[in-house]
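Trainee:
Protein chains: 4
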Amino acid sequence: MEKTKVAIIGASGYTGLELVKLLVSHPYFEIAYVGTSEGGVKLTNLHPSLVGVIEQDVLKSDAKEIAKVAKLAFLALPHQAAMGFAKELLALGVKVVDLSADYRLGVEAYEKHYCEHVDKENLKHAVYGLPEIFRQEIKNAQLVANPGCYPTASILAILPFLKYIKEDAPIFIDAKSGVSGAGKKLSESAHFVNVNENITAYNPLKHRHSPEITEKLQNASGKKLEVNFVPHLLPITRGMLISAYLVLDEDIDASAVLKDFYQNEKFVRVRNTPVNVKTTAGTNFCDVFVAQNGRSVFVSSSIDNLLRGASSQAVVNANLMCGYEETAGIPVIAYVP
Amino acid sequence: MEKTKVAIIGASGYTGLELVKLLVSHPYFEIAYVGTSEGGVKLTNLHPSLVGVIEQDVLKSDAKEIAKVAKLAFLALPHQAAMGFAKELLALGVKVVDLSADYRLGVEAYEKHYCEHVDKENLKHAVYGLPEIFRQEIKNAQLVANPGCYPTASILAILPFLKYIKEDAPIFIDAKSGVSGAGKKLSESAHFVNVNENITAYNPLKHRHSPEITEKLQNASGKKLEVNFVPHLLPITRGMLISAYLVLDEDIDASAVLKDFYQNEKFVRVRNTPVNVKTTAGTNFCDVFVAQNGRSVFVSSSIDNLLRGASSQAVVNANLMCGYEETAGIPVIAYVP
Amino acid sequence: MEKTKVAIIGASGYTGLELVKLLVSHPYFEIAYVGTSEGGVKLTNLHPSLVGVIEQDVLKSDAKEIAKVAKLAFLALPHQAAMGFAKELLALGVKVVDLSADYRLGVEAYEKHYCEHVDKENLKHAVYGLPEIFRQEIKNAQLVANPGCYPTASILAILPFLKYIKEDAPIFIDAKSGVSGAGKKLSESAHFVNVNENITAYNPLKHRHSPEITEKLQNASGKKLEVNFVPHLLPITRGMLISAYLVLDEDIDASAVLKDFYQNEKFVRVRNTPVNVKTTAGTNFCDVFVAQNGRSVFVSSSIDNLLRGASSQAVVNANLMCGYEETAGIPVIAYVP
Amino acid sequence: MEKTKVAIIGASGYTGLELVKLLVSHPYFEIAYVGTSEGGVKLTNLHPSLVGVIEQDVLKSDAKEIAKVAKLAFLALPHQAAMGFAKELLALGVKVVDLSADYRLGVEAYEKHYCEHVDKENLKHAVYGLPEIFRQEIKNAQLVANPGCYPTASILAILPFLKYIKEDAPIFIDAKSGVSGAGKKLSESAHFVNVNENITAYNPLKHRHSPEITEKLQNASGKKLEVNFVPHLLPITRGMLISAYLVLDEDIDASAVLKDFYQNEKFVRVRNTPVNVKTTAGTNFCDVFVAQNGRSVFVSSSIDNLLRGASSQAVVNANLMCGYEETAGIPVIAYVP
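Chains as they are written, first to last, in the working numbering: chain A, 40 to 376; chain B, 40 to 376; chain C, 40 to 376; chain D, 40 to 376.
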């Protein structure tokens with residue numbers, strides 16, 4: 040069977056690297072084009088770990104050239120850059136999985152938290168790429184907005200309890216992320232000396248992933264929910280842990296509800312003991328655990344922020360969009376130990 | 040001026056070591072006795088970092104011998120062991136700062152969460168050693184129950200908001216601690232490979248520090264509060280961060296309330312940006328920060344779990360019990376960087 | 040094509056886990072038997088990260104049962120236990136890749152550094168499983184002694200320079216290993232608080248891998264070399280870096296010699312900048328770099344201690360022993376970032 | 040007794056911060072001036088951990104103003120900037136402890152490895168501030184060149200063996216440093232994701248501290264020694280470990296030689312087990328350990344790179360220059376655990 044040719048645009052960052060790592064051995068996809076804003080280097084110059092694995096020229100990204108060789112493109116670009124590029128590609132008939140924030144929100148919320156939206160037309164048809172909610176829609180989508188890492192883990196933790204949540208009680212999400220989530224850019228907050236032996240909250244109650252979580256939970260529940268989101272930076276490279284605190288308005292067995300909800304999902308594992316980030320690092324799994332004190336609930340989820348929180352979820356979406364089985368080429372074996 | 044002679048009982052663990060480090064250069068206290076359950080070694084055998092700093096024999100702890108040489112004893116013993124020893128020392132006229140849980144709770148709560156209490160008489164008169172609440176009582180105490188690390192940081196974060204808290208809304212405390220909080224004992228959960236590049240909740244909603252926090256907050260507020268406490272283990276050695284989530288029942292300026300509440304406290308620093316654990320590690324400071332979303336509040340505190348959460352707070356209490364200024368010999372200079 | 044059935048004996052440790060992870064998706068091998076000394080559990084109980092990946096009962100290891108279902112066995116057992124088991128399996132016609140030290144040394148050296156050898160007969164025919172030296176012999180072997188992690192990385196670094204080394208100048212090997220190399224066992228030296236923010240040498244000039252390195256280098260060179268080996272414990276989980284210091288007795292271009300030596304090896308990458316452990320972690324690669332100051336040489340190598348230093352090298356050996364291509368199912372994609 | 044007023048120039052970096060931390064509670068020195076190249080801030084803005092510890096304005100450094108208020112100045116400036124400033128201060132009668140490289144080397148070596156020297160006159164009289172070699176000279180010095188961290192630890196390790204070293208056998212120094220040694224500057228090599236779970240050599244055989252070590256060892260021994268220096272970057276914040284490899288030309292008991300050599304030194308501790316960096320972090324101690332294999336010697340030393348490798352050694356030098364006891368205000372209590 041001939042493989043489907045794909046492009047990776049924005050190959051210099053961590054999520055771009057992860058896409059390469061996933062696609063180089065994918066059973067149905069073939070990397071046909073790798074681009075960055077500059078181009079003119081070899082992929083092994085950008086990522087020396089790929090020496091002996093793949094030889095590939097990195098080109099200056101050009102939508103027309105991509106359309107000639109690829110049926111689907113992964114965009115691992117900053118927000119704002121992504122929508123300009125996606126618009127062009129879609130017009131040329133290339134399917135797009137966009138890893139940026141550009142197509143994740145309604146236009147109003149987007150423009151409030153990011154910037155003016157320049158591709159409102161495609162935004163209308165974009166599908167939010169969380170298969171546990173939108174599997175069918177993704178299958179038919181031309182454009183999938185791949186969710187952020189914080190929203191992926193938060194929504195998967197809270198989703199099973201949405202219909203039991205007390206509407207006027209605020210939801211609190213205490214999120215903890217590894218440093219790779221902030222990308223390769225040099226910054227005070229990524230300097231080893233500042234991160235090591237440390238932990239701090241950042242942008243508490245103000246992070247841009249907060250409206251994404253709120254919008255999706257409201258849409259899924261039909262309830263007007265208040266979501267209070269506080270991310271923390273952990274002294275680890277990979278991994279994300281969500282500790283969500285909920286108040287219910289009826290008596291349920293939270294553990295049974297959780298197990299029941301995810302019984303048919305291959306990439307969500309319900310755990311009987313508190314989840315940790317090592318057990319999912321390297322995989323597309325989301326592990327979930329719940330404990331309760333009457334109607335007060337602690338639900339915790341763990342994902343690999345670069346995989347389930349970005350690149351492997353993007354490949355899952357691409358699998359669905361191209362009619363392949365959802366699990367094809369998706370990593371399930373953790374790095375542990 | 041002659042120094043007051045003190046004993047350190049339980050010198051082999053981390054908090055025992057911290058007591059030695061604080062007292063070896065204290066202006067008013069002199070280490071007169073160092074004991075462990077075994078004795079028969081030199082202090083530098085237990086703690087090789089003390090070579091060239093202090094020469095001291097470690098004795099098999101004996102209350103009568105202690106009473107001969109010391110006016111005050113610090114007990115850095117496991118719970119249950121501590122109360123037997125404290126009882127003896129108090130009967131011999133030795134003041135006691137107990138770092139264990141044995142005198143922190145009312146008898147009922149203690150026996151529910153720990154074991155039978157064998158010194159109910161002294162328990163009645165024990166003072167909870169959090170100077171920001173019980174400064175005056177500590178000055179007159181013979182026996183001070185030094186607070187746990189989680190309760191110290193949690194209570195100091197929540198205390199300023201107690202009177203504004205909505206009584207029927209649960210409090211959620213998401214706590215994060217370095218590994219030294221679990222002591223020197225070998226365990227799966229302290230094995231480097233399990234901790235490094237990882238984070239997990241443990242004993243969620245069931246940790247033994249939870250009733251201590253609840254009791255103190257209820258007593259201080261006169262309100263019947265529900266406290267949901269979830270500790271997490273961080274891949275760091277020292278430090279503790281508390282992220283507490285509260286719902287208020289009136290509109291306040293949380294930041295102003297916080298600053299006002301602690302304006303005269305020397306060991307609490309109110310911060311304008313989210314607190315981190317490096318800035319307090321090595322000191323007796325508790326740093327606190329607050330942010331709010333209407334009546335939903337995020338308040339975060341940071342302490343050194345072994346110092347403000349144990350040993351330096353114990354020395355503060357000893358200072359007060361002996362009529363010295365509270366700040367004498369108390370560390371304020373962080374290890375940072 | 041039917042897959043070759045294999046057994047993994049000693050599945051509870053880290054190298055056992057890595058074997059499972061490699062073999063679960065191997066193109067030519069199939070896991071037919073997983074054993075430990077106890078048995079009676081599920082593999083996912085031993086390694087919770089395998090939930091959703093493989094369902095497998097773990098049996099109490101029994102050579103006769105293994106021989107019924109498997110053609111080849113991987114022994115991830117402690118030394119001494121391994122040779123008893125290997126002897127039985129070989130007698131039953133099962134090929135063995137032994138990851139312990141039991142068949143790596145000549146009998147004299149073995150008995151000096153370990154214990155009495157109880158399988159001297161098979162020891163004579165055991166092949167040392169370093170493909171870069173013994174590829175042909177491995178292809179015909181019934182029993183392969185998989186090299187230790189320190190010897191693998193040290194030998195691969197020094198091998199290209201053996202014929203230029205000054206015979207009477209001692210070789211110094213400064214080795215640095217992640218904590219996983221010491222296994223899962225609880226110990227002071229694996230306690231997080233002792234490892235984190237720390238580094239120390241251990242068993243300097245006395246480590247048991249030293250005679251293994253010496254013997255192989257002497258055999259390969261025909262020179263009587265003095266090897267001084269000093270391992271250090273790093274505050275990382277995975278990875279090993281070797282810094283070897285050599286004195287040459289002729290003028291060579293060390294960099295050219297190195298490149299030339301490994302030009303046809305797929306699993307050794309010669310680097311132009313100093314190697315690091317992240318670039319090989321997760322793979323079977325050994326990265327090597329050399330710098331020189333006249334006849335004084337610094338040569339450095341990096342491997343994943345659990346893969347190239349144990350389990351993936353074991354699978355390479357199994358590939359060769361069974362007539363498969365050397366690279367089949369062998370990981371080349373690093374965990375980085 | 041009136042305190043001696045001192046200035047700290049270059050207060051924004053890590054060594055500047057350490058100087059403040061040491062001098063704020065020094066028994067004989069008083070901070071009279073704190074300067075940076077910009078000035079115009081409060082010290083607590085530069086270092087938030089100092090809130091509640093010291094209130095001090097940071098000024099734009101001006102030699103004349105410094106001379107008005109301070110008898111001695113600590114220069115924590117980059118090389119090149121330091122010598123211009125030192126020259127001015129010395130002309131104004133201010134004693135100088137310079138933490139940069141500007142006065143550490145002979146003029147020829149300096150200009151080869153750094154840049155043109157603009158203060159050759161003072162360079163002639165500068166004393167190298169390693170008290171274990173130059174204690175008497177330091178006492179009479181106006182200008183002390185405070186040694187680099189790598190040279191301090193390397194020289195103290197090798198010094199006791201200098202007269203036994205085989206002259207034509209190269210010395211190999213395998214050095215490992217925490218990230219704080221590279222300062223606060225943002226760089227790829229200090230990005231958390233690149234450092235964490237990693238180790239690499241950098242500038243092998245080419246680091247600028249190499250000529251400093253060579254010059255001092257040659258001068259102290261009168262031998263023409265070849266020093267091969269290879270630094271490695273560790274995933275820790277603080278601490279430095281030196282593993283030096285020597286060949287002797289006579290049979291000695293290396294351990295006895297080491298103990299004898301340092302028997303009267305207060306800040307060097309000879310250890311019977313391999314040294315580690317946690318036991319010296321936070322102190323001015325240098326811990327040393329030696330092992331030997333005949334005439335091949337492994338000697339290892341550990342220091343806090345920011346203290347014994349910079350700021351506390353600078354204060355020791357200032358103590359000596361001002362006639363105070365060497366140990367006054369010098370930290371001996373390690374951060375451990």
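Glycine residues also receive a C-beta, built at the ideal position from the N, C-alpha and C atoms. Model, not experiment: these values are computed from the prediction.
By a C-beta neighbour count over all protein chains shown, 10 Å radius and 16 as the cutoff for buried, is residue 378 of chain A buried or exposed?
Mentor: Residue 378 of chain A lies beyond the residue range present for chain A, which begins at 40 and ends at 376; the question has no answer from this structure.
Trainee: When the distance is taken between beta carbons, is residue 157 of chain C closer than 7 Å to residue 183 of chain C?
Mentor: Not in contact: residue 183 of chain C and residue 157 of chain C (Cβ atoms no closer than 7 Å).
Trainee: Distance check for residue 285 of chain A and residue 210 of chain A, CA to CA, integer angstroms please.
Mentor: Straight-line Cα distance between these residues: approximately 5 Å.
Trainee: With DSSP as the reference, identify every bridge partner of residue 271 of chain B, one or two as the case may be.
Mentor: Per DSSP, B:215 and B:240.
Trainee: Of all Cβ atoms in chain B, is any one closer than 7 Å to the Cβ of residue 229 of chain C?
Mentor: Yes, contact with chain B.
Trainee: Runs of 4 residues minimum, wholly inside the segment 43-103 of chain A: which ones carry the alpha helix (DSSP H) assignment?
Mentor: With a minimum length of 4 residues, the continuous alpha helix (DSSP H) runs that stay inside the segment 43-103 of chain A are 53-62 and 82-85.
Trainee: Taking only three categories from DSSP, how would you classify residue 207 of chain A?
Mentor: Coil.
Trainee: Could you list the residues in the segment 236-255 of chain A with a C-beta less than 9 Å from some C-beta on chain B, going in chain order?
Mentor: Those residues of the segment 236-255 of chain A that come within reach of chain B (Cβ to Cβ, closer than 9 Å) are 236, 237, 238, 239, 240, 241, 242, 243, 244 and 245.
Trainee: For residue 132 of chain D, which residues of its own chain have a beta-carbon under 8 Å away from its beta-carbon, when the five flanking residues on both sides are left out?
Mentor: So the qualifying residues of the chain are 106.
Trainee: So, for residue 149 of chain C: in the same chain, excluding its five sequence neighbours on each side, which residues have a beta-carbon less than 7 Å away from its beta-carbon?
Mentor: Only 156 meet the Cβ criterion.
Trainee: Between residue 279 of chain A and residue 217 of chain A, which are expected to be in contact by the criterion C-beta below 8 Å, what is the C-beta distance as a whole number of angstroms?
Mentor: Indeed they touch by this definition, with Cβ atoms about 7 Å apart.
Trainee: Rounded C-beta distance between residue 229 of chain D and residue 240 of chain D? I'm assuming under 8 Å.
Mentor: With 8 Å as the limit, residue 229 of chain D and residue 240 of chain D do not qualify as a contact, their Cβ atoms being about 16 Å apart.
Trainee: Which value, in whole angstroms, describes the spacing of the CA atoms of residue 324 of chain B and residue 359 of chain B?
Mentor: Each residue's Cα considered, the two are about 17 Å apart.
Trainee: Where residue 356 of chain B and residue 45 of chain B are concerned, what is the direct C-alpha to C-alpha distance, given to the nearest angstrom?
Mentor: Roughly 13 Å separates the two Cα atoms.
Trainee: Under three-state DSSP, which class holds residue 200 of chain C?
Mentor: Three-state DSSP puts residue 200 of chain C in a helix.
Trainee: Please list, in chain order, the residues of the segment 205-227 of chain B that have any C-beta partner in chain C closer than 8 Å.
Mentor: Those would be 218, 219, 223, 225, 226 and 227, in chain order.
Trainee: State the beta-bridge partners of residue 315 of chain A as determined by DSSP.
Mentor: For residue 315 of chain A, which the question treats as bridged, DSSP gives the partners B:239.
Trainee: Give the residues of chain B in contact with residue 234 of chain C, contact being defined as C-beta atoms less than 7 Å apart.
Mentor: Result: 231.
Trainee: Taking 7 Å as the CB-CB cut-off, is residue 276 of chain D touching chain A?
Mentor: Interface residue, yes.
Trainee: Near residue 80 of chain B, what residues of its chain come up, given a Cβ to Cβ distance below 7 Å and the 5 sequence neighbours on each side ignored?
Mentor: 97, listed in sequence order.
Trainee: Determine, using beta carbons only, whether residue 128 of chain C and residue 136 of chain C come nearer to each other than 7 Å.
Mentor: Against a cut-off of 7 Å, the Cβ pair of residue 136 of chain C and residue 128 of chain C comes out as no contact.
Trainee: How would you list, in chain order, the residues of chain D whose beta-carbon sits under 7 Å from the beta-carbon of residue 90 of chain B?
Mentor: Going along chain D in sequence order, the residues near residue 90 of chain B (Cβ under 7 Å) are 308.
Trainee: In this structure, how does DSSP classify residue 324 of chain B when only helix, strand and coil are distinguished?
Mentor: Coil, per DSSP.
Trainee: What does the Cβ neighbour count give for residue 43 of chain D, buried or exposed, with the cut at 16 atoms within 10 Å?
Mentor: Looking at its Cβ environment, which holds 16 or more other Cβ atoms inside 10 Å, residue 43 of chain D is buried.
Trainee: Name the residues in the segment 52-72 of chain C whose C-beta lies less than 8 Å from a C-beta of chain A; which are they?
Mentor: So the list reads 53, 56, 60, 63 and 64, given in the order they occur along the chain.
Trainee: Check residue 279 of chain D in the structure and name its three-state DSSP category.
Mentor: Three-state result, residue 279 of chain D: strand.
Trainee: What ranges does the alpha helix (DSSP H) occupy inside the segment 109-161 of chain A, keeping only unbroken runs of at least 4 residues that lie completely in it?
Mentor: Here the runs fully enclosed are 120-130 and 146-152.
Trainee: Under 6 Å Cβ to Cβ from residue 260 of chain D, same chain only, skipping five residues before and after it: list those, please.
Mentor: Hits under 6 Å: 201.
Trainee: Could you name the residues of the same chain whose beta carbon sits closer than 6 Å to that of residue 316 of chain D, not counting the 5 residues immediately before and after it, in chain order?
Mentor: Excluding residues within five positions, the ones whose Cβ falls inside 6 Å are 278, 280 and 341.
Trainee: Inspect the beta-carbon positions of residue 320 of chain A and residue 343 of chain A and report whether they are closer than 7 Å.
Mentor: Yes, Cβ-Cβ distance for residue 320 of chain A and residue 343 of chain A is below 7 Å.
Trainee: As a quick exercise: from B:49, B:68, B:306 and B:143, pick the residue whose alpha carbon is nearest that of residue 77 of chain B.
Mentor: The shortest Cα separation from residue 77 of chain B among B:49, B:68, B:306 and B:143 belongs to B:49.
Trainee: When we look at the beta-carbon of residue 66 of chain D and count the other beta-carbons within 10 Å, is it buried (16 or more) or exposed?
Mentor: Residue 66 of chain D is exposed by the Cβ-count criterion.
Trainee: What whole-angstrom Cβ distance do residue 269 of chain D and residue 212 of chain D have, given they're in contact under 8 Å?
Mentor: Confirmed, about 7 Å.
Trainee: Please name the residue in A:159, A:89, A:180 and A:297 whose C-alpha comes closest to that of residue 362 of chain A.
Mentor: Comparing Cα-Cα distances from residue 362 of chain A to each of A:159, A:89, A:180 and A:297, the minimum goes to A:180.
Trainee: Could you name the residues that DSSP lists as bridge partners for residue 337 of chain A?
Mentor: Per DSSP, A:284 and A:330.
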